[in-house]
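S.K.:
Residue numbers (the UniProt record's numbering): 1 to 273.
1) Relative to the alpha-carbon of residue 209, which residue among 81, 110, 172 has its alpha-carbon at the smallest distance?
2) Would you mind listing the beta strand (DSSP E) stretches within the region 25 to 93 that are 3+ residues and don't spill past its ends, in chain order?
3) Go through its chain and collect everything with a Cβ distance to residue 78's Cβ below 7 Å, but skip five positions before and after it.
4) Closest Cβ-Cβ distance between residue 90 and chain C: below 8 Å?
5) On a CA-only basis, which of 61, 24, 48, 49 is nearest residue 38? Give me that one, please.
6) Thinking C-beta only, is residue 180 closer than 8 Å to residue 266?
7) Is it buried or exposed for residue 2, if we count other Cβ within 10 angstroms and need 16 for buried?
8) Would residue 68 be called buried (16 or more neighbouring beta carbons within 10 Å of its own) or exposed?
9) Classify residue 150 as buried or exposed, calling it buried when 16 or more other Cβ atoms lie within 10 Å of its own Cβ.
10) For residue 96 and residue 89, I'd like the C-alpha separation in whole angstroms.
11) DSSP has residue 111 in a bridge; who is on the other side?
12) Ends of the alpha helix (DSSP H) at residue 235?
13) Can you give the beta carbon distance from residue 256 to residue 236, rounded, assuming they're within the 8 Å contact cut?
14) Measuring only the C-alpha atoms, how far is residue 115 from residue 94?
15) Using beta-carbon positions only, say whether residue 224 and residue 125 come within less than 8 Å of one another.
16) Residue 134 by DSSP, collapsed to three states: which one?
17) Which residues bound the alpha helix (DSSP H) around residue 143?
18) What does DSSP give as the partner residue(s) for residue 161 in the beta ladder?
19) To the nearest angstrom, how far is it from the Cα of residue 45 to the Cα of residue 24?
20) According to DSSP, is residue 155 helix, strand or coil?
21) Contact check, residue 122 vs residue 160 under 8 Å by CB: the rounded distance?
22) I need the straight-line Cα distance from residue 218 to residue 167, nearest angstrom please.
23) Is it buried or exposed for residue 227, if we count other Cβ within 10 angstroms and need 16 for buried?
24) Under DSSP, the beta strand (DSSP E) around residue 202 begins and ends at which residues?
25) Per DSSP, what are the beta-bridge partners of residue 187 in this structure?
26) Looking at residue 147 and residue 129, is the spacing between their C-beta atoms short of 8 Å?
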């Protein structure tokens with residue numbers, strides 16, 4: 001009886017097509033089928049690399065139904081590669097259900113590591129990288145986005161977000177309100193591509209720079225925000241205490257503004273509490 005197939009989770013370039021390993025190329029040539037987030041996006045890369053392995057679609061809308069067929073192919077001995085549109089699969093991309101199903105079936109799942117926008121951005125940000133958290137994409141709904149940012153206001157680790165061109169300005173404004181205008185941050189745009197830019201400074205300054213330059217509102221973004229500094233949590237706690245007292249006598253918006261001025265805590269973090 002032949003051995004079961006292997007699921008290879010293959011990282012592909014996030015921009016520059018030459019950022020792919022020799023092992024990834026060899027694997028994509030050797031497997032029986034490549035499961036791709038968007039075959040229209042992956043096919044040009046394969047053509048560039050001289051690879052003619054068959055493609056099947058595996059995305060958010062068909063993953064539940066496509067997984068069973070791919071698992072059966074691996075049980076029958078076929079090796080399968082999983083790729084996303086760019087970077088390492090499963091990092092804010094489809095593939096979780098396939099990996100989980102393959103492991104549940106006792107099949108081997110092997111990583112073929114490579115590019116990741118999260119790590120690439122963090123490596124050039126100049127922010128603390130020994131401890132960080134990845135939040136992926138924030139909600140497209142303003143209320144939910146602001147609530148989540150307020151929840152993260154006291155986080156001491158470097159925060160990493162993905163953001164789209166449609167919401168980059170609004171998200172930076174919300175981060176400035178939640179974390180404080182002076183909080184250090186970095187916006188990495190179009191990494192490894194022709195128009196790559198990495199901007200750093202306070203959140204307030206980044207809001208101004210991105211708002212003023214339409215070119216800085218195009219493309220794909222990784223936003224990194226420094227964690228709260230020592231003493232910031234104490235300021236927030238004191239701000240909440242003062243806010244609770246003031247709002248007994250004042251409208252909440254005015255109470256939050258005064259409590260922020262007195263304690264140095266972010267006003268939006270108080271008003272949203």
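The beta-carbon is built from N, C-alpha and C at its ideal position, and this holds for glycine as well.
No experiment lies behind these values; they were computed from the predicted model shown.
M.R.: So, to answer that:
1) Within the chain shown, residue 209 is the residue found at index 209, counting from 1. For the set 81, 110, 172, the Cα lying nearest the Cα of residue 209 is the one of 172.
2) Scanning the region 25 to 93 for uninterrupted beta strand (DSSP E) segments of 3 residues or longer gives 33 to 36, 55 to 57, 80 to 83, listed from N- to C-terminal end.
3) Translated into the one-based positions of the chain shown, residue 78 becomes position 78. Excluding sequence neighbours, residue 78 sits near 5, 32, 33.
4) Given the protein chain composition of this structure (a single chain), no chain C is represented.
5) Translated into the one-based positions of the chain shown, residue 38 becomes position 38. Of 61, 24, 48, 49, the residue nearest in Cα terms is 61.
6) By one-based count along the chain shown, residue 266 stands at place 266. By one-based count along the chain shown, residue 180 stands at place 180. Yes, these two residues count as a Cβ contact at 8 Å.
7) For the purposes of this step, residue 2 is taken as the residue at position 2 of the chain shown. Burial call: exposed.
8) By one-based count along the chain shown, residue 68 stands at place 68. When all chains shown are included, residue 68 counts as exposed.
9) In the chain shown, residue 150 corresponds to position 150, counting from 1. Here residue 150 is buried, its C-beta having at least 16 other C-beta atoms within 10 Å.
10) As a first step, residue 96 must be located in the chain shown, where it is residue number 96. As a first step, residue 89 must be located in the chain shown, where it is residue number 89. In a straight line, the C-alpha of residue 96 is about 9 Å away from that of residue 89.
11) Locating residue 111 in the chain shown gives position 111, counting from the first residue. When DSSP reads this structure, residue 111 sits in a beta bridge with 9.
12) Taking the chain shown and counting its residues from 1, one reaches residue 235 at position 235. Per DSSP, the continuous alpha helix (DSSP H) segment holding residue 235 begins and ends at 232 to 246.
13) Stepping through the chain shown from its first residue, residue 256 is reached at position 256. Stepping through the chain shown from its first residue, residue 236 is reached at position 236. That pair is no contact at about 12 Å.
14) Counted from its first residue, the chain shown places residue 115 at position 115. Counted from its first residue, the chain shown places residue 94 at position 94. Using only the alpha carbons, I get a separation of about 16 Å.
15) As a first step, residue 224 must be located in the chain shown, where it is residue number 224. As a first step, residue 125 must be located in the chain shown, where it is residue number 125. Taking 8 Å as the Cβ cut-off, residue 224 and residue 125 qualify as a contacting pair.
16) Here the question's residue 134 lines up with position 134 in the chain shown. The three-state secondary structure of residue 134, taken from DSSP, is strand.
17) The residue given as residue 143 occupies position 143 in the chain shown. DSSP places residue 143 in the uninterrupted alpha helix (DSSP H) bounded by 142 to 151.
18) In the chain shown, residue 161 corresponds to position 161, counting from 1. Residue 161 pairs with 136, 223.
19) Within the chain shown, residue 45 is the residue found at index 45, counting from 1. Within the chain shown, residue 24 is the residue found at index 24, counting from 1. Cα to Cα, residue 45 sits roughly 12 Å from residue 24.
20) For the purposes of this step, residue 155 is taken as the residue at position 155 of the chain shown. Three-state DSSP puts residue 155 in coil, outside helix and strand.
21) Counting from one through the chain shown, the residue named residue 122 turns up at place 122. Counting from one through the chain shown, the residue named residue 160 turns up at place 160. Taking a contact as a CB-CB distance under 8 Å, the pair residue 122 and residue 160 counts as one, their CB atoms being some 7 Å apart.
22) Within the chain shown, the letter at position 218 stands for residue 218. Within the chain shown, the letter at position 167 stands for residue 167. For residue 218 and residue 167, the distance between alpha carbons rounds to 10 Å.
23) Residue numbering aside, residue 227 sits at position 227 when the chain shown is read from its first letter. So residue 227 counts as buried.
24) The residue given as residue 202 occupies position 202 in the chain shown. Run containing residue 202: 197 to 202, per the beta strand (DSSP E) assignment.
25) By 1-based counting over the chain shown, the position of residue 187 is 187. DSSP lists 199, 223 as partners of residue 187.
26) Taking the first residue of the chain shown as position 1, residue 129 is located at position 129. Taking the first residue of the chain shown as position 1, residue 147 is located at position 147. Between residue 129 and residue 147, the CB-CB gap reaches or exceeds 8 Å.
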